[in-house]
Structures are given as structure tokens and as C-alpha cells.
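Here the protein sequences line up with chains A and B, keeping their order. Per the working numbering, residue 7 is the first one in the first sequence, and the count goes up by one each step. Per the working numbering, residue 7 is the first one in the second sequence, and the count goes up by one each step. See structure below.
2 protein chains.
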Amino acid sequence: MTSPHSESDPDAPLDGEAAIIEAYLAPLAAGYPGAFGLKDDCAAFTPAPGQDLVVKTDPVASDIHFLRDDPPGDIAWKALAVNVSDLAAKGAVPRAYLMALSFPEAPTRRWMAAFASGLAEAQAAFGMSLIGGDTDRRPGPVTISITVIGEVPQGSMVRRGTTKPGDVLFVTGTLGRSALGLALLRNPALAARWSIDEAAAAAARQGYRRPQPRLAMRDVLRRYASAAMDLSDGLAKDLGRMCRAGGTGATVSIEAIPRDPVASAAVKADPARWQDVLASGDDYEILVAVDAGKAAAFEAAAMLAGREATEPFGISRIGAIDATGVVRFLDGNGRPVTFARTGWDHF
Amino acid sequence: MTSPHSESDPDAPLDGEAAIIEAYLAPLAAGYPGAFGLKDDCAAFTPAPGQDLVVKTDPVASDIHFLRDDPPGDIAWKALAVNVSDLAAKGAVPRAYLMALSFPEAPTRRWMAAFASGLAEAQAAFGMSLIGGDTDRRPGPVTISITVIGEVPQGSMVRRGTTKPGDVLFVTGTLGRSALGLALLRNPALAARWSIDEAAAAAARQGYRRPQPRLAMRDVLRRYASAAMDLSDGLAKDLGRMCRAGGTGATVSIEAIPRDPVASAAVKADPARWQDVLASGDDYEILVAVDAGKAAAFEAAAMLAGREATEPFGISRIGAIDATGVVRFLDGNGRPVTFARTGWDHF
């Protein structure tokens, strides 16, 4: 077995699971005593008294959730961020995660070092620690299967299915940046067609590669939200899920949908790009339903939380929950808009 | 979307993630309120006061951990059992699990129904509930990534790295049955070469497909064990890990290794089959180190626990922990035995 600290070729493949764990993963677990340095079969997680654990597992795979040539640090960030985004939407504090890595062929030391470094950044940003996992080789895409553990005071997890007719609908940040960033990664020539500069294109690509879970929304959600969920498969599809879970419907004004300059430019140059804003995945913003009587207070509190966040974000009122059982998107003239597809289905 | 309760073709592929979750997975979560019927983004797990959670993730993949033509119910059983086996070795009570399923192509209703049925059997046998997960399609083998959550009184998780020189080494059940079962599945003609009848061959195949986590050992381990771990990658390799984690060594008498009639017959016909007994994976028995002064009491308690278990098992004294820093296997004449390979490396 090659010592990871030797002078040997950083582009040589890593030899064996133990080399990966000891050199690159164990340091990520050093902060949590119950991880036992990743040297035991299991981790021991000690919950704080009076807390519920909020748990979630959402694997990401190469060429589906990230591009195989994405920087390894960004791949790591995204793999953890997409899971933490769910915790954020539930009002939970991230605490720990387990990670199962699967490679079709052994990664190089260079790749693994960059991956571990991105993971270190992400877990520090989100306030959590690696506590266990598994590494193996099998055919198919590189896959990173993360299970996150967060905490909320008992019984206070913000639910998805608890919308009520009359609730006002809000969304954090802007939509479509990630989908447009992916489009730019696949076809850089689009930047010229949309008349955006390199800085804007870079921001969109960053949106795809390094989503920012809206953890700053935690207290605001727990205090005001009727219901919330993170947007991973596109607003159209995810709002449909929220309404189905609650037995409600919704009306959204597409002119109220928050877009950043890239999305505005793309839609202006090519109106079909609305699809990317409303019905594409990977936004990782939070969709929130708030009782109408609390909407103003929520909006003010969310605006403040977003402004003070490490990665600032805004809050937008986009529509309302109703009892119709269907989700409608209306254009500036109040006419219903339909889409060729309603969002990303992983299946 | 095809209704799963329609009269349509059970061999048609299932259409969409929602169809799989609603028809086949949600019923497995019905017993746990915090699973919210698998309709939320996360599950809420309420720990019992004063307990640590013991957590573990260990994915299984087709053609690596099971055979693609194995009965789907057995695949499901094994996917959960290999994770629960770790909980058993740690003295933990299984409580809940999350499961991410990944398919290269949509499963049929027939396959999915049988899979869910095996999972229902397994979770009932182990006393736990599905509380969350994810289903997607991607290239590569069918993969089942399970994360299990168990509980132990705070601070009482049985560790791997806490062996002490002088500890007596025990193992539950018998070793090699699963590896020999796999050999028989790959080459049924071996049964004749080993002179075993169909009932014995079937038991070995069952050992590979339906491992039995030794949950009955829980109280005995927590009361007596210095250290314990489950055997998933072969005794030689896993004992090496246990000793490395504890900074100890060990000596094992191979004549003391417990073998069932199939292993005895296979080794008698072909001594190279010792490899399957000592250095092949998938045993899912528990390796236990016990202070010499407690060894007799442990042995009696473990024997009783094994006899009264739903799937009875024995307990065998196989050697001792020492301070040498190396693991040695001795034959009947006290001579060291070496192996061509020391166990299954997933990497």
C-alpha cells in the first residue's frame, strides 16, 4: 500500500479502501468523538436531550447530479449540500453525516485530496462532521451516497404536507441559476447568445456546482412556516408535490418568480428558457407556505436572515395556496402557462 | 402512471419513482409516525431519552454482494441484514432505516413486490421500520444503500478497538457457510464433489442469501465483551482489523473454528476450501473478545442466548488476544498457517 504522504505520483490510483479512509476521510471525522476515527463498524451519535433527529439520504451520481469533469471539491460540496438543503427546509440544525463512496475505478490521490478538501469546506460551512461510511468499487458512475442527521426541538420539524388554503407562497433566492449554469457548462457559446459576461456565466456555473443550503432560514421557518420544502426538482414539480401532500392547490404568478441577471438575460434572449427557471432541478432554494396573517412578519424576518447570511439571499412572494387541488402558473395577463415538462424526474 | 393494483402485466416495468414509493415502500413506513408516510423530504426520529444512536451505512450491489438472479425477497433481506449485523455486534437495538434504491432500468411490479415483501419480513424480524429514502435510475448494478439507526444506553456501544492482551476470542455460529453457498450457486456440481445432499446445499445457499444478524447477543455483549465486531469480510481480515484498532495481536487455533456439516464436508473433500472458512466474506457472525476472568460466564450466557434465538446459534472459543501486533492462525500441530488472500477487500 502506498503511503499517502510519500513522494509518489499524485495521479497514481489509490490502493485500497484503508488508504482512502485513513488519509482522506478520517480527518473529516476528527471533530466527533462518536465517530471513533472511522475505525469502528458503527458511529455512536448522542442526541441532545429534547431533540428530534431529522434524517435524509439522497445519493448523487456522476453525469446525473454532477459532471464527471467538475472539480472534485465542487462534487463533494454539492453531494453534502443537496442533503443539507433538506435539513434547512425542515428547520433543522445539521449535526453529522455518513457517506458511502463508490468508484468504478480507484481515484487518484490528487482527485481524492481535492474531494476531501471540498468536503472539509462544506462540513465546516454547514457545522457538521463526518461520522461513518463505506468505500467500494463497482461498475457504473462515481456515486456519493450521503445520509445527513440534523436536530430540531421535539415535534417541531417543518413539514411538507401542512399547507392551508389562503397561505402565502414564498421562495428564497432566485430560481434557474443552476439549470442555466449547467446549460452553460454544456454549451459555453450560450453566454454570447444571452449577452452575459464571463463573471455572470461563472456565477451561474457556480450555482450548479456549489448550491448554498439556506440554513439561515432555520429559525424563521420554525417560527412562521405552515409548510416548507427545498426545491431540488424544479418549482413546478416540487410545488405539485407540496400541494398533493397537503390536499391543496396553488396559483403562482410567473412574473413574481425571482430571477438573477443571468436568468433574466437568458429568458429575454430565448423565452423557452422559462423552462429552466420554473421546471428544472437543482435550485436548492426553499419554498415556504405561510399563513396570510403572518406573511408580512415572515417576509421581514426572512429578508433580515437572508441579508445577514454568509451567502446573502432574498425572499419573494410568488403566489398563494388554494383549495383547487391543482397548481396553476399565470403570466402577466393572468393567463395560465403550461410547460412541456413539469420538472426533473430521477426515475 | 399505472396503478399497481390494476390488472395490468406484473412483468411490465414500473413507471416512475412515485409508483414505487406509494405502492411498495410507503407500507413499510406505516408503523413509524416520524416517517410521515414517506411523503416528506425528511423523517423525524425521536430518540429514547438516555440513549445513543448507533448508525451505519453499507450499500450492497448486484453481482458484488448478491447475484442478480437471487430471489428479490432474499436480496432485500440481505441488504438490511448486513447493516443490522453491525448493530448486533455493537450491542444495539435496531430501530429504523433509510434506503436509497438505484436501478439501471425500471424494475417490474413482480420484482418490486417480492423485494418489498422480503424487506417487510426482514424489518419485522429485526424490529425496525423504514423511515425514508430515495429511488432513482442510473447505469451500473442495482444498488441498495441502507443506513440503519439503532440504540444503546449512552456510552455503552460495544467497540471494535478495545481488545486487551489476555482476552479470550469467541465467535458465534459457524464460518464459511455463506462463501460455500455462493460457490454452490456458481457451480452446483460442487455438491457432488463434496458429497453433500440437497438439504445441506440449500442450507448453504440460504446462508449466502439470508444471513441472520445475531441480535440475541445484545445483552450478553453489552455485559461481557471487551470488544466485538461482525464478520463481513472474513475472519482473517476482520480479526486483523480488530487487532489493528486495539494495537493488539491474536492467535487462533483453526481446529477450533466452528464449521457446519457443509464446511466440514467441503474442507474434507478439498482442503483449499479452508480459504472459504477463514478468509471469505459474508459470514455475519460476531467476533467477540472477552476478559479471561469473564470468559466462562460469557460463554454460558452466549450459549443460552443462542439456543433461545429464533434462529439458534452456538458460541465457540477460538483463540486469544495478545500483545504481538500480529494475527496468527495455528494448525492442530501448533504450526502457523498462511493464506493466499486474507479476506474480501471491497476496493
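We put the beta carbon where it would ideally sit given N, CA and C, even for glycine. What you are looking at is a predicted structure, and each value in this text was computed from that prediction instead of being measured.
By Cβ distance below 6 Å, which residues in the same chain neighbour residue i in space, the five residues on each side in sequence not counted?
i                            : result
leucine 227 of chain A       : Gly97, Val164 and Ala234
alanine 307 of chain A       : Val226
alanine 222 of chain B       : Ala311 and Ala315
proline 264 of chain B       : Thr180 and Ser322
arginine 144 of chain B      : Ser108
phenylalanine 304 of chain A : Tyr230 and Val296
arginine 224 of chain B      : Gly97
lysine 45 of chain B         : none
Buried or exposed: which applies to residue i, given that a residue is buried once 16 or more other Cβ atoms fall within 10 Å of its Cβ?
i                         : result
proline 217 of chain B    : buried
histidine 11 of chain B   : Low confidence applies to histidine 11 of chain B: its pLDDT is 47, below 50, so where it sits in the model is not reliable enough to give any reading.
valine 332 of chain A     : exposed
threonine 153 of chain A  : buried
lysine 274 of chain B     : exposed
serine 232 of chain A     : buried
alanine 36 of chain B     : exposed
asparagine 339 of chain B : exposed
proline 100 of chain B    : buried
asparagine 89 of chain B  : buried
aspartate 75 of chain A   : exposed
alanine 271 of chain A    : buried
proline 147 of chain B    : buried
alanine 329 of chain A    : exposed
threonine 149 of chain B  : buried
alanine 206 of chain B    : buried
Check whether the Cβ atoms of residue i and residue j lie closer than 8 Å to each other.
i                            : j                         : result
phenylalanine 121 of chain A : isoleucine 81 of chain A  : yes
threonine 169 of chain B     : threonine 257 of chain B  : no
alanine 32 of chain A        : isoleucine 292 of chain A : no
alanine 106 of chain B       : proline 65 of chain A     : yes
glycine 40 of chain A        : alanine 49 of chain A     : yes
isoleucine 155 of chain A    : alanine 102 of chain A    : yes
threonine 63 of chain B      : serine 151 of chain B     : yes
phenylalanine 132 of chain B : isoleucine 324 of chain B : no
alanine 251 of chain B       : arginine 166 of chain B   : yes
Below 7 Å CB to CB, which residues in the same chain sit around residue i once its five sequence neighbours on both sides are set aside?
i                        : result
glutamine 57 of chain B  : Glu157, Val158, Pro159 and Gln160
glycine 54 of chain B    : Per the sequence shown, residue 54 of chain B should be read as alanine rather than glycine. Counting only Cβ-Cβ distances below 7 Å, and skipping sequence neighbours, we find Glu157.
aspartate 266 of chain B : Thr180 and Arg183
proline 318 of chain B   : Gly312
Can you grab the Cα-Cα spacing for the pair residue i / residue j, in whole Å?
i                         : j                         : result
leucine 93 of chain A     : proline 342 of chain B    : 53 Å
leucine 73 of chain B     : alanine 311 of chain A    : 51 Å
alanine 262 of chain A    : leucine 284 of chain A    : 11 Å
asparagine 289 of chain B : alanine 185 of chain B    : The sequence as given places aspartate at residue 289 of chain B; asparagine does not occur at that position. One C-alpha to the other measures close to 8 Å.
serine 322 of chain B     : leucine 237 of chain B    : 14 Å
valine 296 of chain B     : valine 61 of chain A      : 35 Å
serine 286 of chain A     : alanine 326 of chain A    : 21 Å
alanine 198 of chain B    : leucine 188 of chain B    : 15 Å
glutamate 23 of chain B   : serine 91 of chain B      : 29 Å
leucine 86 of chain B     : aspartate 47 of chain A   : 15 Å
valine 174 of chain A     : alanine 298 of chain A    : 6 Å
tryptophan 117 of chain B : aspartate 15 of chain B   : 12 Å
methionine 134 of chain A : methionine 134 of chain B : 27 Å
glutamate 13 of chain B   : isoleucine 27 of chain B  : Here glutamate 13 of chain B scores only 49 on pLDDT, less than 50, and its place in the model should not be relied on; the value that follows carries that caveat. Looking at the two C-alpha atoms, the distance is approximately 19 Å.
glycine 320 of chain B    : valine 294 of chain B     : 13 Å
alanine 210 of chain B    : tyrosine 214 of chain A   : 49 Å
tryptophan 280 of chain B : threonine 114 of chain A  : 35 Å
threonine 178 of chain B  : aspartate 140 of chain B  : 34 Å
methionine 248 of chain A : glycine 43 of chain B     : 14 Å
In terms of DSSP beta bridges, what is residue i paired with?
i                           : result
methionine 235 of chain A   : A:Leu293
proline 19 of chain B       : B:Thr114
valine 268 of chain B       : None; valine 268 of chain B has no bridge partner.
lysine 62 of chain A        : A:Val154
valine 177 of chain B       : B:Leu293 and B:Ser322
serine 184 of chain B       : DSSP output for serine 184 of chain B lists no bridge partner at all.
threonine 169 of chain B    : Beta-bridge pairing links threonine 169 of chain B to no other residue.
tyrosine 103 of chain B     : B:Leu136 and B:Val154
isoleucine 327 of chain A   : A:Ala256
aspartate 142 of chain B    : B:Ser108
phenylalanine 72 of chain A : A:Ser68
proline 194 of chain A      : Bridge partners of proline 194 of chain A: none, in fact.
Within its chain, find whatever has a CB closer than 8 Å to the CB of residue i; leave out the 5 residues flanking it on each side and keep chain order.
i                        : result
glycine 124 of chain B   : Pro77, Pro78, Gly79, Asp80, Ile81, Ala82 and Trp83
glutamate 204 of chain B : Ala197
aspartate 276 of chain A : Arg199 and Trp200
leucine 34 of chain A    : Ala122, Leu125, Ala126, Gln129, Ser135 and Leu136
Interface residues of chain C around residue i at Cβ under 7 Å?
i                        : result
glutamine 160 of chain A : Among the protein chains of the structure shown, namely A and B, there is no chain C.
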